[in-house]
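Residue numbering for the sequence shown follows my numbering, starting at 435 and increasing by one per position. Contents: one structure, followed by commentary.
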Amino acid sequence: MGITQSSKIEVEAKAGPSPSLALWAEENDISSEALAEAYGLGLKNNSMLISEKDKINAGLTEALDVGKYVAIDCEMVGVGQGGYESVLARVSIVDFHGRQVYDSYVRPQERVTDWRSAVSGILPKHMRFARDFDEVQADVAKLLKDRILVGHDIKHDLDVLKLSHPSKDVRDTSNYPAFRKYGNGRKPALRRLAEEVLGVTIQSGAHSSIEDARVTMLLFRKHKSGFDVDHANRFPGSAGTSAKPRPKSKKSKKKK
435 MGITQSSKIE
445 VEAKAGPSPS
455 LALWAEENDI
465 SSEALAEAYG
475 LGLKNNSMLI
485 SEKDKINAGL
495 TEALDVGKYV
505 AIDCEMVGVG
515 QGGYESVLAR
525 VSIVDFHGRQ
535 VYDSYVRPQE
545 RVTDWRSAVS
555 GILPKHMRFA
565 RDFDEVQADV
575 AKLLKDRILV
585 GHDIKHDLDV
595 LKLSHPSKDV
605 RDTSNYPAFR
615 KYGNGRKPAL
625 RRLAEEVLGV
635 TIQSGAHSSI
645 EDARVTMLLF
655 RKHKSGFDVD
665 HANRFPGSAG
675 TSAKPRPKSK
685 KSKKKK
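Right under this line is the structure:
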């Protein structure tokens, strides 16, 4: 989290499809996600974890063809007595290719009693340019509409956003059956999955919501065929719907 990414990951870039092939795919109505999947991009290297184009608190990335899949991660701060109740302080969204779609600090609607800076990376100074919660919620809801939402233990992210999303349009890496062995009887931590499945280290300091969203998307991409089978078994013949604001509920107490 914060202005500095929490960890550095050295990887070797892999060549992707040529511009001519990408143009052919576009002309034949083949999605960029399908093309990337066919080429196995992101399956044998972790180059999508690194981006020189990240712009902290930039809001919506303009002129980006987002595609069908997005991954989300939120950072939270504490409010109320003892700071145990979680509220949204930053949200990041990336697309199937790990490109930044949206990033914003969020001004809490209540007085912050625990910034959780060592974990969240959020500092009081970040609130000077933070957006209002209602603006961010509306932006995120629009981005999630009719898309597949990828996340890790995503209930907590949706809780602090006060949004709902159809279960059949969610891919949660914390619930994927093949990852359960990394949780020792509990939901596996994202950091553990990154180490065991991807061979990378994250969250060595304050969290980066952009980095965590990318890791989540890469986990999904690496096991996409398995996710597809699991989804088909749980939701046969499902059709997509949209994210929408939901009635006010109790705040999450999970510290990220």
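Glycine included, C-beta positions come from ideal geometry on N, C-alpha and C.
When the five nearest sequence neighbours on each side are left out, the beta carbons in the same chain lying within less than 7 Å of the beta carbon of Glu629 are those of Thr635, in order along the chain.
With a cut-off of 8 Å on Cβ pairs, the segment 596-611 is in contact with the segment 575-587, counting three or more such pairs. Around the beta carbon of Glu509, 16 or more other beta carbons lie within 10 angstroms, which makes this residue buried. The Cβ atoms of Leu522 and Val540 sit closer than 8 Å to each other.
Assignment of beta-bridge partners to Ala505 by DSSP yields Val528 and Val584. With a beta-carbon spacing of about 5 Å, Ile527 and Val504 fall inside the 8 Å limit used to define contacts. Beta-bridge analysis with DSSP links Met651 to no other residue. For Ser608, same chain residues with a beta-carbon under 6 Å away, outside a window of 5 residues either side, are His586, Asp587 and Lys621 in chain order.
Nearest neighbour of His531 by Cα position, chosen from Asn667, Met651 and Phe563, turns out to be Met651. Shown here, Tyr616 sits in a helix according to DSSP, grouped into three states.
Only residues of its own chain outside the window of five on either side were considered, and among them Ile506, Val525, Ile527, Tyr536, Leu595, Leu597 and Ala677 have a CB closer than 8 Å to the CB of Val574, listed in chain order. Gly512 counts as buried, since no fewer than 16 other beta carbons sit within 10 angstroms of its beta carbon. His560 is not a Cβ neighbour of Leu583, given a cutoff of 8 Å. Counting only the Cα atoms, Gly514 lies some 8 Å from Arg545. Bridge pairing for Tyr610: absent [DSSP]. The criterion of a C-beta distance shorter than 8 Å is not satisfied by Gly501 and Asp548. Ser642 is not bridged by DSSP to any residue. Taking 8 Å as the upper bound for CB-CB distance, Ala640 and Ala564 are not in contact here, some 17 Å apart. Contact check for Ala612 and His657: beta-carbon distance about 6 Å, within the 8 Å limit, so the pair qualifies. Judged by beta-carbon spacing, Asp591 lies beyond the 8 Å limit of Leu624, meaning their Cβ atoms are not closer than that value.
When only Cα atoms are considered, Tyr610 and Phe654 end up about 9 Å apart.
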